[in-house]
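For reference, the structure is listed below as structure tokens.
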Amino acid sequence: MPVTLHKVFDLHHQYGNLVRLYVGPMLLVMVAHPDDVRHILLTSKLVDRGTIVTNLLRPFAGVGLINIDARRWKLHRKLINPTFHSELLEGYLEAFHDGGLFVSERLARARGAATDVHPPVLSAAIHNFCSTIIGMNHDLIPDGMAGEELSAAVNDGLSTVQVMNLLVAGTETVSVTVGYALTLLALHPEWQDAAHQELKDVFGEGDDYLRAPSLADLGRLRVLESIIKETLRLFPTVPILPRVATEDLWLSGGSPASVLVPKGALLFVMPFLTHRLPQFFPDPQRFDPSRFLEDRVGKEHTCSYLPFGLGARNCVGYQYSRLELKVYLADILRRFRFLPCSRREDLENCALSLSLNPIKPIRVSCMPLGGPST
Ligand code: HEM
179 MPVTLHKVFD LHHQYGNLVR LYVGPMLLVM VAHPDDVRHI LLTSKLVDRG TIVTNLLRPF
239 AGVGLINIDA RRWKLHRKLI NPTFHSELLE GYLEAFHDGG LFVSERLARA RGAATDVHPP
299 VLSAAIHNFC STIIGMNHDL IPDGMAGEEL SAAVNDGLST VQVMNLLVAG TETVSVTVGY
359 ALTLLALHPE WQDAAHQELK DVFGEGDDYL RAPSLADLGR LRVLESIIKE TLRLFPTVPI
419 LPRVATEDLW LSGGSPASVL VPKGALLFVM PFLTHRLPQF FPDPQRFDPS RFLEDRVGKE
479 HTCSYLPFGL GARNCVGYQY SRLELKVYLA DILRRFRFLP CSRREDLENC ALSLSLNPIK
539 PIRVSCMPLG GPST
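Residues in the sequence shown are numbered consecutively from 179, following the numbering used here.
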């Protein structure tokens, strides 16, 4: 009985921007409106995710930054921040490019058959996690090792040094996002054409076309950037931001009257609800990356878009994953055209857990575009 996206949309449709539920004796409040998001994440600076979340994650992700208790969290966050310093990120580009090539090589093997892109992207993201964040030498990973074997070996190793938690946060999210982005592009060929055209403009059409992307190249990929942002608007891969109300709070759901949420309640901020409010994103169900191409002056709310969270406990890997996603997609899209094998309804049919999980694997067909390395 997974809790699905549909179920939550139904509750939102029926009850509005604040929904009260009881889980046993515990009061749980679902939050959608950006005024309340601001109040919870920025004004009140709530950082405690609660024992339920800590305990749910513990069996498969150990204890780490995501689910550490609020008391110890500040010190751990301070210690981990330098790993993601923006000056280090440029040094990760080459590794991300190797990841993009690995995925492209795996996709080419499918020879146009319907393919789930999630497994090869997850393998690439795990490789990249090891070579960048852990600083593990590539040569330590035997060439012929199967993806599943590698995942199991990495799991064993990392759980012993307690970074398992970071690995779960940093690899599944990226691979699910790449799967959604490529499927949305397959379903919207006009945006796929726009991305291909931009890649030609930036990388040229000669022998150099398939080169490793530099930071300057990536900065020029504005269409691709907008495609990633729009993908994360519709499908923010971390679907729930849990917070314990450590004080009484007045929330409004965007209406003039406020209601009291008592201290101790568990708040679920749900970005996919916020991202589909029509007053902030007109025609919200439509995949339309141009929302992020145009300058949206004053219309939007500062807290209406939060795929990486907001405030002190936002995503520590925000810059890292933006770069990784862009390199993977730039590498893959220069080598393939994608045709749809799943429908938009299949994308919406997903379960809520640590990340969004499509209930049926989403598939695309990858047609090589020709050229030396495809
Ligand atoms: C598409 C990619 C990603 C998305 C959409 C994403 C999203 C998020 C969100 C929304 C949060 C905040 C949750 C909350 O407020 O309760 C978060 C936290 C976190 N993310 Fe990410 N993330 C991504 C990639 C990554 C990567 C690549 C890493 C690390 C390599 C990472 C590590 C973390 C960690 C450790 C936290 C917990 C931070 C804390 O509690 O202080 N994430 N992520």
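Glycine included, C-beta positions come from ideal geometry on N, C-alpha and C.
Because the structure is a prediction, the values reported are computed rather than measured.
Distance between residue j and residue i (C-alpha atoms, nearest Å)
{"i": "VAL439", "j": "PHE446", "result": "12 Å"}
{"i": "LEU189", "j": "VAL197", "result": "7 Å"}
{"i": "HIS254", "j": "PRO420", "result": "19 Å"}
{"i": "VAL281", "j": "LEU484", "result": "28 Å"}
{"i": "ARG284", "j": "THR310", "result": "22 Å"}
{"i": "ASP466", "j": "LEU363", "result": "11 Å"}
{"i": "LYS252", "j": "LEU517", "result": "45 Å"}
{"i": "LEU471", "j": "ARG227", "result": "34 Å"}
{"i": "HIS366", "j": "MET204", "result": "43 Å"}
{"i": "LEU532", "j": "VAL416", "result": "6 Å"}
{"i": "PRO180", "j": "ALA373", "result": "35 Å"}
{"i": "ARG216", "j": "VAL356", "result": "28 Å"}
{"i": "GLU368", "j": "ALA331", "result": "41 Å"}
{"i": "ARG250", "j": "ASN233", "result": "16 Å"}
{"i": "VAL244", "j": "THR480", "result": "Just to set this straight, residue 244 is Ile in the shown sequence, not Val. C-alpha separation (whole angstroms): 24 Å."}
{"i": "THR221", "j": "TRP428", "result": "12 Å"}
{"i": "ALA435", "j": "GLU327", "result": "55 Å"}
{"i": "ILE246", "j": "ILE406", "result": "29 Å"}
{"i": "GLY548", "j": "VAL225", "result": "50 Å"}
{"i": "ALA529", "j": "GLU478", "result": "28 Å"}
{"i": "GLN340", "j": "GLY240", "result": "7 Å"}
{"i": "VAL201", "j": "ALA423", "result": "16 Å"}
{"i": "VAL380", "j": "GLN370", "result": "15 Å"}
{"i": "ARG515", "j": "VAL207", "result": "43 Å"}
{"i": "ASP276", "j": "THR229", "result": "39 Å"}
{"i": "GLN457", "j": "ARG287", "result": "45 Å"}
Nearest-angstrom Cβ-Cβ length linking residue i and residue j, presumed shorter than 8 Å
{"i": "ARG541", "j": "ALA292", "result": "4 Å"}
{"i": "ARG522", "j": "PHE459", "result": "Not quite, the Cβ-Cβ distance comes to about 16 Å (not below 8 Å), so this is no contact."}
{"i": "TYR358", "j": "PHE413", "result": "5 Å"}
{"i": "GLY242", "j": "ASN343", "result": "2 Å"}
{"i": "LYS504", "j": "LEU396", "result": "5 Å"}
{"i": "LEU455", "j": "ALA210", "result": "7 Å"}
Neighbourhood of residue i by C-beta distance below 8 Å, restricted to the same chain and skipping five residues each side
{"i": "ASP426", "result": "LEU438, VAL439, PRO440 and LYS441"}
{"i": "GLY476", "result": "For GLY476, the pLDDT reaches just 48, beneath the cut-off of 50, and the residue's location in the model is therefore unreliable, although a value from the coordinates is still provided. Closer than 8 Å at the Cβ level, and outside the excluded window around GLY476, lies no residue."}
{"i": "GLU526", "result": "LEU183 and HIS184"}
{"i": "ASP294", "result": "GLY357, PRO539, ILE540 and ARG541"}
Close beta carbons around residue i, own chain, < 7 Å, minus the five adjacent residues each side
{"i": "SER520", "result": "THR361, ILE540 and ARG541"}
{"i": "LYS223", "result": "GLY489 and ALA490"}
{"i": "ASP213", "result": "SER430 and GLY432"}
{"i": "SER264", "result": "GLN497"}
{"i": "THR261", "result": "ILE311"}
Min CB distance residue i to chain C below 8 Å
{"i": "VAL241", "result": "The displayed structure is made up of one protein chain only, and chain C is not part of it."}
Close-in-space but distant-in-sequence residues of the same chain around residue i (CB under 6 Å, 5 per side omitted)
{"i": "SER468", "result": "none"}
{"i": "GLY194", "result": "GLY431"}
{"i": "PRO550", "result": "Legend: pLDDT at PRO550 = 43, less than 50; position of this residue unreliable, no value from coordinates given."}
{"i": "ALA248", "result": "VAL225 and ASP226"}
Hey, is the segment 348-359 in contact with the segment 298-310, meaning 3+ C-beta pairs nearer than 8 Å?
Contact holds: three or more Cβ-Cβ distances are below 8 Å.
Should the segment 485-496 be called in touch with the segment 378-395, which here means at least 3 C-beta pairs below 8 Å?
Not touching, per the Cβ criterion.
Just to confirm the assignment: which complete alpha helix (DSSP H) runs, minimum length 4, are found wholly within the segment 232-297?
Qualifying alpha helix (DSSP H) stretches, in chain order: 248-258, 264-267 and 271-287.
Using 8 Å as the cut-off, can you tell me whether the segment 390-408 makes contact with the segment 505-515, which would need three or more C-beta pairs spanning the two stretches below that distance?
A contact between stretches requires three or more CB pairs, one per stretch, nearer than 8 Å, and the segment 390-408 meets this requirement with the segment 505-515.
Length at least 4, wholly inside the segment 463-544: the alpha helix (DSSP H) runs in chain order
468-471, 496-511 and 522-526, all fully within the segment 463-544.
Restricting to runs no shorter than 3 residues, where is the beta strand (DSSP E) found entirely within the segment 375-449?
Here the runs fully enclosed are 419-422, 427-429, 437-439 and 444-447.
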